[in-house]
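Shown next, in structure tokens, is the structure this report addresses.
There are 2 protein chains.
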Amino acid sequence: MRVTIKQIAEIAGVARSTVDKVINDRPGVSDEVRDRVRYIANDLGYEANIIGKALAFQNKQLVIAVVMPNIDFTVAARVGIEKALQEVKAFGISIEYFLTKNYDTAQQISTLDYLITKKVAGIMIRPVDDIELRDAVRNVVSHGIPVVTFNSDLVDSGRLCFVGQDSLKAGRVAANLMAKIINNRGKVAIITGSMSLAALELRLEGFATLIQSNFPMIEIVEVVETHENKIITFQKTLDLLQRQNDLAGLYITGGPMAEVGKAIKMLGLTKSLKVVCFDLYPEVIELLNEGVVDFTIDQDPIAQGYIPIKVIFEYLFNNKKPEQEFISTTVEIREKESL
Amino acid sequence: MRVTIKQIAEIAGVARSTVDKVINDRPGVSDEVRDRVRYIANDLGYEANIIGKALAFQNKQLVIAVVMPNIDFTVAARVGIEKALQEVKAFGISIEYFLTKNYDTAQQISTLDYLITKKVAGIMIRPVDDIELRDAVRNVVSHGIPVVTFNSDLVDSGRLCFVGQDSLKAGRVAANLMAKIINNRGKVAIITGSMSLAALELRLEGFATLIQSNFPMIEIVEVVETHENKIITFQKTLDLLQRQNDLAGLYITGGPMAEVGKAIKMLGLTKSLKVVCFDLYPEVIELLNEGVVDFTIDQDPIAQGYIPIKVIFEYLFNNKKPEQEFISTTVEIREKESL
DNA sequence: GTGAAAGCGCTAACAC
DNA sequence: GTGTTAGCGCTTTCAC
């Protein structure tokens, strides 16, 4: 049988509640007693019984707020959030969603302010990639509310941690895949969603750096920016493919893949052009099946939803901060048969 | 507040223990009362509180036995087992390992017999791929002990489920990868560990079938069997590569990769020969880094360790069987940068 | 067949 | 600063 608070109390000759105060660093115990209890607890190798803690914890009825835009990515992340919820709801924890518009910084800020007054127990946020938010998060944190960012980070905001993909690594993986399928030689063009989104920028950098250092016979001929707009993406892709009519490969860091695919198919390049892109949304799956896309790199959105909830829970329940500030999710290579 | 047994008891005008019996299908309640309580519970949407159950469950002190050979795979699986243990030990569950010799059917059988007398609560086993074991498992199951097989299955043995990779799918993925890197044409040879190990046979079949149906320009010239023996593997690989001196690709379903790699390097084929293999053990990682192996397909051994423990726990704690008999772990494509 | 009561380990409210 | 006490939800024992 494991050692319990009750036993420690008996040995120390004090009440259980006193031991409880010592164990949890609560006030109201004399230094003398505190030291004695600590010594005994240590000596006996006391470890809190999770079930006992949970029993008392569950009627705190805490709520974790999820602040995120309503986009493809967060739809997938939600699966992970719900999975985590199943595991922590027994502990009296519930979740409330606050869906914002994708690039609306002001809305996210006002949501955060509201959550302070609502006294939520914790917040998980997929922030707009905008520095203005940083101060709002800082404010939340200063009110004692733990915050975890996911998918996109907000450095120096005081958040507990960031959960997301290692985009630089993902870019390097993409480079290797591209090199393999174009047999280490030829011209490659890059389509990027935005030069100012940190994650996409890193996907580009990782790719370009590895190509330049390891594959002298591969030439990156052009980088095109689409601002994730459908019409622009289609038009610019079409222009690019016509302008560069001897491309071996095309690398897309982000943006609407359906439009890129449309342009490739329209020009009859499905077989000859090798394509590497990101994520595993329905439109990408279709392109994989059609043979337009060769490889896509997934960032495990489910884990990006699941982990933040568990991190916040761990903080609330055990008062433990995560070991690393950056928890990276896997870089998953997918092709047609491995969806 | 969620509805509790206490509330149901009050409404039904019976004792809590009576409600408990009804909820858990225990005997000792009249049909009339049973029906009434059931109706009320249903009506109120009663769901057992996990923490409450756990509190009572934890002093049963159940033990789950893990029966497996001590090989590369199970070393990795153990990480997942320990992770699962962390989650279930609060419920009073502990784990005992029984490491057997790899191809020793008799040892596994006698271990199983012993575990019956020891009255363990559940067993997870990586069985020898041998039909003789089937009856031993059946016997265990007939004693009311739940069994889960992992990594390799034992069909028709009465086990709760099997947790492992979908080897046929893994073979198909390998085929696509190979086709991509040899540009859909050329000669390919296959090295297989054993023609009688179910998993390896399926990896071969999935590969060959997809190549034949989708890639008419790829020819599978030879299949070599190594019996997972180091010396044989090295010698046969060497012979194969010398005999077939215009191979585009080499596909290895299993067996000691270090020896295969040695032969490839010795003949100076590192750059020209494309190689796809399985698993992510240290020797394979080294070959990836050296550029000898292009892709390896991982089967997530950690999940294969983790899931069985959770399945057995779920069965013991909630009396729930898994939904599917075959729980497949992911088919993970890995290359140099994505380890 | 049914009910009363104790107990699992921890926390919190409150009296001293 | 310290102890007493009740209570969280469920299971189990035992008396009736």
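Sequence order for the protein chains is A and B.
The first sequence begins at 1 in the numbering used here and counts up by one.
The second sequence begins at 1001 in the numbering used here and counts up by one.
No residue lacks a Cβ here, since even glycine has one placed at the ideal position from N, Cα and C.
- Contact of aspartate 1294 of chain B with chain A is assigned, a C-beta pair being separated by under 8 Å.
- If you look at isoleucine 1190 of chain B, you'll find it in the beta strand (DSSP E) that goes 1186-1192.
- By the CB criterion at 8 Å, glycine 92 of chain A and glutamine 61 of chain A fall inside the cutoff.
- Between the alpha carbons of glutamine 1007 of chain B and isoleucine 1051 of chain B lies a distance of about 17 Å.
- Proximity to valine 1163 of chain B across B:His1143, B:Phe1326, B:Glu1032 peaks at B:Phe1326, based on C-alpha coordinates.
- Taking a contact to require three or more Cβ pairs closer than 8 Å, the stretch 1180-1189 of chain B and the stretch 1153-1163 of chain B do not qualify as touching.
- For proline 1282 of chain B, the closest alpha carbon among the candidates B:Ile1071, B:Asn1042, B:Ile1116 is that of B:Ile1071.
- At least 8 Å separates the beta-carbon of valine 1173 of chain B from that of isoleucine 1095 of chain B.
- Here valine 1120 of chain B is buried. Its C-beta has 16 or more other C-beta atoms within 10 Å.
- By the Cβ criterion, the stretch 1298-1315 of chain B is in contact with the stretch 1270-1282 of chain B, since at least three pairs of Cβ atoms, one from each stretch, lie closer than 8 Å.
- A check of alpha carbon separations from glutamate 225 of chain A across A:Lys236, A:Pro216, A:Met217, A:Glu219 identifies A:Lys236 as the nearest.
- Alanine 170 of chain A and glutamine 324 of chain A have their C-alpha atoms some 19 Å from each other.
- Excluding residues up to 5 positions away in sequence, nothing lies with its Cβ nearer than 6 Å to the Cβ of glutamate 47 of chain A in the same chain.
- Taking all protein chains in view, the Cβ of methionine 124 of chain A is crowded by 16 or more other Cβ atoms within 10 Å, so the residue is classified as buried.
- The C-beta distance from glutamine 1108 of chain B to proline 1127 of chain B rounds to 6 Å, short enough to meet the 8 Å contact threshold.
- Contact check between the stretch 1239-1259 of chain B and the stretch 1215-1229 of chain B: three or more CB pairs, one atom from each, fall below 8 Å, which counts as touching.
- Taken atom to atom, the span from the alpha-carbon of tyrosine 1251 of chain B to that of glutamate 1087 of chain B is near 39 Å.
- Annotated three-state conformation of leucine 1247 of chain B is strand, per DSSP.
- Put simply, the CB of serine 1338 of chain B is near chain A, with a gap under 8 Å to one of its CB atoms.
- Within 9 Å of the CB of alanine 1054 of chain B, the CB atoms of chain A belong to Ile50, Ile51, Ala54, Leu55, Ala90, in sequence order along the chain.
- Contact between phenylalanine 215 of chain A and asparagine 151 of chain A fails: their C-beta atoms lie close to 30 Å from each other, not under 8 Å.
- In summary, glutamate 1290 of chain B is exposed, with fewer than 16 beta-carbon neighbours lying within 10 Å of its beta-carbon over all protein chains present.
- Isoleucine 1081 of chain B sits close to valine 1066 of chain B, with the two beta carbons spaced by under 8 Å.
- Inclusion of glutamate 337 of chain A and phenylalanine 295 of chain A in the CB contact set at 8 Å is not warranted, their separation being larger than that value.
- At the C-beta level, asparagine 1245 of chain B and asparagine 183 of chain A stay beyond 8 Å of one another.
- Each residue's CA atom was taken as its position, placing lysine 310 of chain A and arginine 159 of chain A some 15 Å apart.
- Relative to the Cα of tyrosine 97 of chain A, the nearest Cα in the group A:Gly122, A:Asn59, A:Ala90 belongs to A:Gly122.
- At a cut-off of 8 Å between beta carbons, glutamine 1235 of chain B makes no contact with chain A.
- Between threonine 1100 of chain B and proline 1146 of chain B, the CB-CB gap reaches or exceeds 8 Å.
- Close partners of arginine 172 of chain A in chain B (Cβ separation under 8 Å): Glu1337.
- Put simply, the CB of lysine 180 of chain A is near chain B, with a gap under 8 Å to one of its CB atoms.
- For the C-beta of glutamine 1058 of chain B, the chain A residues within less than 7 Å are, from N- to C-terminus, Ile51.
- For glutamate 1082 of chain B, there are no neighbours in chain A by C-beta distance under 8 Å, as the nearest C-beta there is about 16 Å away.
- With respect to the 8 Å criterion, valine 1063 of chain B and glycine 1305 of chain B are not classified as neighbours on the basis of their beta carbons.
- Beta-bridge partners assigned by DSSP to lysine 1274 of chain B: B:Gly1249.
- Restricted to the stretch 1080-1128 of chain B, the beta strand (DSSP E) segments that are unbroken, complete and at least 3 residues in length are 1094-1100, 1122-1125, listed in chain order.
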